[in-house]
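Down below is the structure, laid out as structure tokens.
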Amino acid sequence: MGRKGSEVEPVRFGSMVLLLMGLVSFCMFYIFMSTVMRPSSPGDSKMGSLGFGDGSSGGDGGNSEVGVSGGGGCCSGIPNLELWGDAVKWGTDFKFNSSEQCCNSCKAMCTGKDGPCLCDSWVFCGNKEACGEKFGECWLKKQKDVLLPEKQDTENKVMWTSGLIFGRGEGIIALETEYGNLHIKLLPECSPHSVAYMLELLALRHCAGCHFYRAEGRGQFWDIKGNHIQDASYGPPFALIQGTLEAQEATFDPVLSEHSSTIRRGSVAWVGSGPEFFISLANHEEWQNGYAVFGTVLPEDMAIAEKIAQLPTKSDVWNNINVSVLEKTVPLNVQRINLRDGELSLNDD
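When the count follows full-length UniProt numbering, it moves up by one through the sequence shown with no breaks and lands on 349 for the last residue.
Listed below in structure tokens is the structure:
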């Protein structure tokens, strides 16, 4: 039996109220995080964004819980890009319905269980109209240098989508500072555009303009492993170091479509769409997948990040949020790792 209109209205009204409350909560969270991460005026744009203050923290060496596993469940690439390289599977005989399937087939050949990666790049044709008889072709390839992949000249629009896969001990770069090198495992499967930009920086001789400018320790709110202490505040300080990767010799295109994930201790992520970025010194589940993570610092290098967080700072206020800015910025350069860095703990990636 159908209900009378008068009986249905309260239910409909209650649902609308719940929906409105949800939208308001989401907006309040977004506004708060934007405020915490952004300076108060355009002239302060170099200050980037994350709000964190200074607090005392100690280096923990290898005690970090950060993982260096790759992209987890992600498997995406860059449209209108054709990577070249030696084919290990020919697309004419190897077809799929989606780029994700092509990516996963390459990943399956790069598990690290059966020796070195047999596949470190993939190329898929997914535009039925542009690809014609090539539609669905999945080419699996092996690059001569995975950090300097060969690619088709992009002056003309390309119908292919391509991506990289970094295996055990691969895809690791160093942010070189006067306090030591922060070795970072890049995550191309979740953040292909971000990784492409990092590889562009890697090809430069110097990353002029790249530096850390903000430093906030864990204070009394997070323990040495980055776990939040029960009933403690969530900041400030916000447990991170922040900087910019906008190099004078490279053009930075805002990163708008990368996968956002939970911030863990050691996560390297953009502030908004970049080029401001941060390295987290703690686990920030409270940020609710608000940032695009494109790399993770190797556990043994977190002591260097902690050291930078302890450098002298001065107080500032960004959008009514107290932050701690380094008295002296820390220049950084993006470098390949040297052979002597082979002693790094790469067994977990």
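From the three backbone atoms N, C-alpha and C, an ideal C-beta is built for every residue, glycine too.
Classify E276 as helix, strand or coil using the three-state DSSP reduction.
-> Position 276 of the sequence shown, counting from 1, holds the residue named residue 276. If DSSP states are grouped into helix, strand and coil, E276 belongs with the strands.
Name the DSSP beta bridge partners of K151, please?
-> The residue labelled residue 151 in the question sits at position 151 within the sequence shown. Looking at the DSSP assignment, K151 forms a beta bridge with L83.
Given Q101, which residues of its chain have a CB within under 8 Å of its CB, disregarding the five upstream and five downstream residues?
-> The residue given as residue 101 occupies position 101 in the sequence shown. Contacts found: C138.
Counted within 10 angstroms of its Cβ, other Cβ atoms place N181 as buried (16 or more) or exposed = For the purposes of this step, residue 181 is identified with residue 181 of the sequence shown, where counting begins at 1. So N181 counts as buried.
What are the complete beta strand (DSSP E) segments, minimum 3 residues, inside the UniProt domain "PPIase cyclophilin-type" (173-327)?
-> 180-186, 211-216, 240-244, 267-270, 276-280, 291-297, 313-318
Should the stretch 254-270 be called in touch with the stretch 284-301, which here means at least 3 C-beta pairs below 8 Å?
-> yes
Kindly list the residues whose CB is nearer than 6 Å to the CB of F94, restricted to its own chain and excluding five residues on each side of it in sequence; keep chain order.
-> Indexing the sequence shown from 1 puts residue 94 at position 94. For F94, where only same-chain residues beyond five positions count, the Cβ hits under 6 Å are C138.
Please report how far the alpha carbon of E170 lies from the alpha carbon of C74, in whole angstroms.
-> Residue 170 sits at position 170 when you count from the first residue of the sequence shown. Residue 74 sits at position 74 when you count from the first residue of the sequence shown. If you draw a straight line from the Cα of E170 to the Cα of C74, it comes to about 18 Å.
Pull up the distance between the alpha-carbon of T244 and that of E276, whole angstroms please.
-> Indexing the sequence shown from 1 puts residue 244 at position 244. Indexing the sequence shown from 1 puts residue 276 at position 276. One C-alpha to the other measures close to 4 Å.
Mapping DSSP to helix, strand and coil, what is Q335?
-> Along the sequence shown, one-based indexing puts residue 335 at 335. Three-state DSSP puts Q335 in a strand.
Which residues in the same chain as W270 place their Cβ atom closer than 6 Å to its Cβ, once the five residues preceding and following it in sequence are excluded?
-> As a working note, residue 270 is residue 270 in the sequence shown. Counting only Cβ-Cβ distances below 6 Å, and skipping sequence neighbours, we find V255, F277, A292.
Evaluate contact between the stretch 226-240 and the stretch 320-327, counting only Cβ atoms and requiring at least three cross-stretch pairs below 8 Å.
-> yes
Pairwise C-alpha distance: F135 and T177 = Along the sequence shown, read from residue 1 onward, the residue named residue 177 stands at position 177. Along the sequence shown, read from residue 1 onward, the residue named residue 135 stands at position 135. C-alpha separation (whole angstroms): 46 Å.
Contact set for A232: own chain, Cβ-Cβ below 6 Å, skip 5 residues either direction = Translated into positions along the sequence shown, residue 232 becomes position 232. Here the set comprises F221.
Whole angstroms is fine: what's the gap from D145's alpha carbon to I304's?
-> As a first step, residue 145 is located in the sequence shown; it is residue number 145 there, counting from the start. As a first step, residue 304 is located in the sequence shown; it is residue number 304 there, counting from the start. Taking the straight line from one Cα to the other gives about 28 Å.
In three-state DSSP terms, what is E170?
-> Indexing the sequence shown from 1 puts residue 170 at position 170. Per DSSP, reduced to three states, the secondary structure at E170 is coil, with no helix or strand assignment.
Given a threshold of 16 other Cβ atoms within 10 Å of its Cβ, counted over all protein chains shown, does S121 qualify as buried or as exposed?
-> Stepping through the sequence shown from its first residue, residue 121 is reached at position 121. That one is buried.
Per DSSP, what kind of secondary structure is S98 in: helix, strand or coil?
-> Stepping through the sequence shown from its first residue, residue 98 is reached at position 98. Correct three-state label for S98: coil.
Could you tell me whether the stretch 211-219 touches the stretch 304-314, using the rule of 3 or more Cβ pairs below 8 Å?
-> yes
Coil, strand or helix - G91 by DSSP | Counted from its first residue, the sequence shown places residue 91 at position 91. Reduced to three states, the DSSP call for G91 is helix.
Under a Cβ-count criterion, where at least 16 other Cβ atoms within 10 Å of its own Cβ denotes burial, should V123 be classed as buried or exposed?
-> Along the sequence shown, one-based indexing puts residue 123 at 123. Classification for V123: buried.
What three-state label does DSSP hand G62 in the structure shown?
-> As a working mapping, residue 62 is identified with position 62 in the sequence shown. Any reading at G62 needs caution, since the residue's pLDDT is 34, under 50, leaving its predicted position unreliable; the model's value is listed next. In the structure shown, G62 falls within a helical segment according to DSSP collapsed to helix, strand and coil.
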